[in-house]
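Sequential numbering from 376 applies to the sequence shown in my numbering. Where a beta carbon is used, it is the ideal one built from N, C-alpha and C, also for glycine. Keep in mind it's a predicted model, so treat the numbers as computed, not measured. Only one structure is covered here, and it is reproduced in the block below.
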Amino acid sequence: MLDRLLRLLSSNSMLYCSLSEDQQGHISPQRLYSLAPASKYFVMDAGGVSFEPTLNLTLDKVFLGSWTEMKGAIMEGGIPFNRVYGMHAFEYPIVDPRFNDVFNNAMANCTTIVMKRVLEIYEGFEHINKLVDVGGGLGINLKLITSKYPHIHGVNFDLPHVLEHAPSYDGVTHVGGDMFESVPDGDVIFLKWILHDWSDEQCLKLLKNCHKAIPNDGKVIVVDSILPVFPESTIVAKTGFQADLLMMAQNPGGKERTKDEFMKLALESGFSGIKFACYLSGFWVVEFFK
376 MLDRLLRLLS
386 SNSMLYCSLS
396 EDQQGHISPQ
406 RLYSLAPASK
416 YFVMDAGGVS
426 FEPTLNLTLD
436 KVFLGSWTEM
446 KGAIMEGGIP
456 FNRVYGMHAF
466 EYPIVDPRFN
476 DVFNNAMANC
486 TTIVMKRVLE
496 IYEGFEHINK
506 LVDVGGGLGI
516 NLKLITSKYP
526 HIHGVNFDLP
536 HVLEHAPSYD
546 GVTHVGGDMF
556 ESVPDGDVIF
566 LKWILHDWSD
576 EQCLKLLKNC
586 HKAIPNDGKV
596 IVVDSILPVF
606 PESTIVAKTG
616 FQADLLMMAQ
626 NPGGKERTKD
636 EFMKLALESG
646 FSGIKFACYL
656 SGFWVVEFFK
């Protein structure tokens, strides 16, 4: 059984395959497998981080269940996840501790990988004194940011039940609340993989709260995918379109957006403009200026 699985992975360039030789140098039908470049991302690095937990999340029975209601949602309305489980995708982890662990582990690993790339390329954190990470989960973003920029005081803001599992980090304060009600004040607000979870209406509500929470020279830093207007066949575009369907299956109004759609959100929520600061690993760092 294992060989048949490995054979399939090899045919999709996830593994290398070679045929063994006997002592006389004759090729035998026994297949030997080794890691290909793509598969190395699913093996833990020196810090114990990999994309394996993210794959486990996307293949989890809870996530897969929502796809069974995609047709029903298209034909009759509603959100596939809600149609299956009777509640919002961000409410579900409260009632399913096993899935909550799967979700948190995936977010922690994927966040670590992406944020390391952000910190290698993006220099916009240098002159910040107080940074508020809205929807920051377990605080991994701020842990990494404050490790590089120890002068920053980080405020990790998320729902109270999420923060119950958040470890303590030097220079980081955990604050519970609802981002659609208000956001803690800070020099800069950080939103990584948040806007794509929500409809335009909810994003505008959140961004207006962020606008109130920063000074006149403040900004909001957004990390998200950006879709091309035309359905390109590049790997980046395909990944973005796949993520867009995942948002459609899981979240109320969630979607990936184009550059023009981000600009529209910024202007309608009161920001003067935006800057597409840098691109890395399939994601853009975008700055919203007050």
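Residue from the options with nearest C-alpha to residue i
i	options	result
residue 455	586, 484, 622, 611	622
residue 592	561, 637, 492, 660	561
residue 499	511, 481, 520	520
residue 453	413, 629, 467	629
residue 491	517, 604, 474	517
residue 625	439, 538, 528, 419	439
residue 573	609, 411, 627	627
residue 526	545, 376, 508, 534	545
residue 459	508, 447, 649	447
residue 472	437, 449, 444	437
residue 618	433, 376, 428, 412	433
residue 507	451, 464, 567, 655	567
residue 558	496, 543, 530	530
Whole-angstrom distance between residue j and residue i, CA atom to CA atom
i	j	result
residue 644	residue 540	32 Å
residue 409	residue 548	44 Å
residue 615	residue 551	31 Å
residue 513	residue 606	35 Å
residue 461	residue 441	11 Å
residue 564	residue 577	17 Å
residue 638	residue 590	20 Å
residue 426	residue 481	8 Å
residue 660	residue 414	26 Å
residue 602	residue 581	21 Å
residue 633	residue 604	6 Å
residue 583	residue 385	49 Å
residue 538	residue 641	28 Å
residue 647	residue 597	15 Å
residue 345	residue 575	Because the chain spans 376 through 665 in this model, residue 345 falls outside it and cannot be assessed.
residue 587	residue 571	21 Å
residue 477	residue 524	30 Å
residue 535	residue 655	31 Å
residue 388	residue 378	15 Å
residue 553	residue 585	12 Å
residue 650	residue 421	35 Å
residue 419	residue 505	32 Å
residue 579	residue 465	19 Å
residue 543	residue 489	21 Å
residue 528	residue 444	43 Å
residue 652	residue 381	41 Å
residue 496	residue 451	45 Å
residue 467	residue 609	34 Å
Where residue i falls, given that 16 or more other Cβ within 10 Å makes a residue buried
i	result
residue 631	buried
residue 391	exposed
residue 569	buried
residue 620	exposed
residue 486	buried
residue 412	exposed
residue 428	buried
residue 493	buried
residue 470	exposed
Secondary structure of residue i, DSSP reduced to three states
i	result
residue 570	helix
residue 620	helix
residue 540	coil
residue 408	strand
residue 576	helix
residue 641	helix
residue 524	coil
residue 635	helix
residue 440	helix
residue 378	helix
residue 388	coil
residue 481	helix
residue 393	strand
residue 596	strand
residue 650	strand
residue 586	helix
residue 558	coil
residue 613	helix
For residue j and residue i, believed in contact at Cβ under 8 Å, the rounded distance
i	j	result
residue 424	residue 475	The pair is not a contact, with the Cβ atoms about 20 Å apart (cut-off 8 Å).
residue 595	residue 663	4 Å
residue 600	residue 511	At roughly 19 Å, the Cβ-Cβ gap does not stay under 8 Å, so residue 600 and residue 511 are not in contact.
residue 417	residue 407	That pair is no contact at about 19 Å.
Check: residue i C-beta below 7 Å from any heavy atom of the ligand FMN
i	result
residue 437	This structure lacks the ligand FMN, and indeed carries no ligand of any kind.
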